[in-house]
Amino acid sequence: MRRLIPQIGPVLMLAAGLFFVLGALTALDLGSFRRMGPGAFPLLVGGLLCLLALIGLVQNLRQPLAPGRPDPMAVLGVVGGVAAFAFFTPLAGVLPATAMAVLATGAVIPGFRWRYRILLALGVALAVWLIFVLGLGIPFIAIRGL
Numbered sequence: 264m265r266r267l268i269p270q271i272g273p274v275l276m277l278a279a280g281l282f283f284v285l286g287a288l289t290a291l292d293l294g295s296f297r298r299m300g301p302g303a304f305p306l307l308v309g310g311l312l313c314l315l316a317l318i319g320l321v322q323n324l325r326q327p328l329a330p331g332r333p334d335p336m337a338v339l340g341v342v343g344g345v346a347a348f349a350f351f352t353p354l355a356g357v358l359p360a361t362a363m364a365v366l367a368t369g370a371v372i373p374g375f376r377w378r379y380r381i382l383l384a385l386g387v388a389l390a391v392w393l394i395f396v397l398g399l400g401i402p403f404i405a406i407r408g409l
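Residue numbers for the sequence shown, in our numbering: 264 to 409.
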């Protein structure tokens with residue numbers, strides 16, 4: 264039984280990936296390569312998640328890892344990042360909310376200096392703007408008030 268504990272994470276990832284793949288294939292229009300439909304992105308992300316989960320499963324089966332102790336600070340960081348994004352998006356826009364989420368998540372990483380946290384937050388916000396606003400032309404409020 265203890266040998267199966269490290270498999271729980273990859274199995275849950277595989278289940279989530281299959282959920283998105285099947286949902287995209289059965290309920291959404293995939294479109295074409297030139298004009299992707301609303302199902303293309305969930306299909307791609309779900310497929311990548313399935314691939315990563317299978318890699319994790321194979322690695323764990325080949326060389327089992329000892330289950331580590333849960334890190335409550337890591338959980339707090341992820342929950343704080345998601346909460347920061349959800350809270351700041353309607354107030355400030357997607358780009359400031361993205362930066363705040365990265366800062367909240369990075370705040371629990373020991374030894375990660377504030378200068379690098381700020382640079383990472385600005386870099387991720389810039390990448391979101393370049394990919395989603397400029398590249399894909401998605402009409403969301405990047406910065407509220409501008």
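Ideal Cβ positions, reconstructed from N, Cα and C, are used throughout, including at glycine.
Counting along the chain, P305 sits inside the alpha helix (DSSP H) bounded by residues 303-325.
The C-beta distance from G369 to R378 rounds to 11 Å, too long to fall under 8 Å, and the pair is not in contact. Considering only A316, T289, V284, L317, the residue with the shortest C-alpha distance to F304 is V284. Look at G408 here: in three-state DSSP terms it is coil, with no helix or strand label. Between the alpha carbons of G374 and A290 lies a gap of roughly 45 Å. If you compare the alpha carbons of M336, L267, R298, A388 with that of L320, the shortest gap goes to L267. Using a 10 angstroms sphere on the CB of F351, the tally of other CB atoms reaches 16 or more, which defines it as buried.
For L385, the CB contacts under 8 Å within the same chain, skipping 5 residues up- and downstream, are A362 in chain order.
Within the DSSP secondary-structure output, M299 pairs in a beta bridge with G294. Within the model, the alpha-carbon separation for L393 versus V387 is close to 10 Å. DSSP places G400 in the coil class of the three-state scheme, outside both helix and strand. Counted as a single uninterrupted DSSP element, the alpha helix (DSSP H) harbouring F348 occupies residues 335-355. In the three-state scheme derived from DSSP, where H, G and I count as helix and E and B as strand, I372 is classed as coil. Excluding its 5 nearest sequence neighbours in each direction, V371 has C-beta neighbours in its own chain below 7 Å: M336, A337, L339, G340, listed in chain order. Under the three-state reduction of DSSP, L382 is assigned to helix.
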